[in-house]
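Residue numbers (the numbering used here): 47 to 237.
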Amino acid sequence: MLMPFTYTWAIENASVLPLSNRIFSPAFTISFLKKTKWYLELETSTMGQSIACILHRSGTDNGPETITVCFHLFLRNDTEHIHNIRQGISSFLKFSCFRTERFLTFDDIQNSPSVIVPQDVLTVVCQMYGLEATTEYELDLCYARSRMSVERHSFEWSIRRFSCISPAEERCYPLKKLTTAAWCFFGFLFE
Numbered sequence: 047m048l049m050p051f052t053y054t055w056a057i058e059n060a061s062v063l064p065l066s067n068r069i070f071s072p073a074f075t076i077s078f079l080k081k082t083k084w085y086l087e088l089e090t091s092t093m094g095q096s097i098a099c100i101l102h103r104s105g106t107d108n109g110p111e112t113i114t115v116c117f118h119l120f121l122r123n124d125t126e127h128i129h130n131i132r133q134g135i136s137s138f139l140k141f142s143c144f145r146t147e148r149f150l151t152f153d154d155i156q157n158s159p160s161v162i163v164p165q166d167v168l169t170v171v172c173q174m175y176g177l178e179a180t181t182e183y184e185l186d187l188c189y190a191r192s193r194m195s196v197e198r199h200s201f202e203w204s205i206r207r208f209s210c211i212s213p214a215e216e217r218c219y220p221l222k223k224l225t226t227a228a229w230c231f232f233g234f235l236f237e
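The structure is reproduced here in structure tokens:
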């Protein structure tokens, strides 16, 4: 029997996933699949209601231009396989991907958080098998952990001549973010 390569990706603070558009796993290389390099991506829908899972083949590996693999993507919690994402056989060119739309909705997470995201950790598992006979098979396990975070800052702001501001007057003030050189704007409308 062929042994799979198993990549387990745990995403801490999964409750902030709807706030991000995309999150990428660290890359992993599979020796018995001709040293090809891969990574996973989770992408939230534009409305923030569901998550797509994407298996990417990197273009920076020394493997062949095309490789055909058998893969199985699923979610698990601390003890069991809980949700099948996709299983299949596909040929991957360098820089190509396999996309599974809407494998999970945020309603699913909210309805059973202790099952799908115990301790606010979403765990995605990718198992891959080669289709060609090889003697290089060995039990390959790889584990990666990502931590989602939200940048939050609070401040007090004294507004000069507040009583002189007329109703429906709009004012905008640029605020510089503390962690990057990018600017954000704080605007308010008095009514």
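Where a beta carbon is used, it is the ideal one built from N, C-alpha and C, also for glycine. A quick note: this is a predicted structure, and the numbers were derived from the prediction, not measured.
Exclusion of the five residues before and after Phe-149 leaves Cys-99, Ile-131 as the residues of its chain whose Cβ lies within less than 6 Å of its Cβ.
Taking a contact as a CB-CB distance under 8 Å, the pair Ser-192 and Glu-58 counts as one, their CB atoms being some 7 Å apart. The region 134-142 makes no contact with the region 164-174; the number of CB pairs closer than 8 Å stays below 3. Here the C-alpha atom of His-127 lies approximately 58 Å from the C-alpha atom of Pro-213. The three-state secondary structure of Ile-205, taken from DSSP, is coil.
Excluding residues up to 5 positions away in sequence, Leu-121 lie with their Cβ nearer than 6 Å to the Cβ of His-129 in the same chain. Apart from the 5 residues on each side of it in sequence, Asn-67 sits with its Cβ closer than 8 Å to the Cβ of Glu-89, Thr-90 in its chain, given in chain order. Between the alpha carbons of Met-93 and Ile-76 lies a gap of roughly 35 Å. If you draw a 10 Å sphere on the C-beta of Tyr-85, you find 16 or more other C-beta atoms in it, and that means buried. DSSP places Val-163 in the coil class of the three-state scheme, outside both helix and strand.
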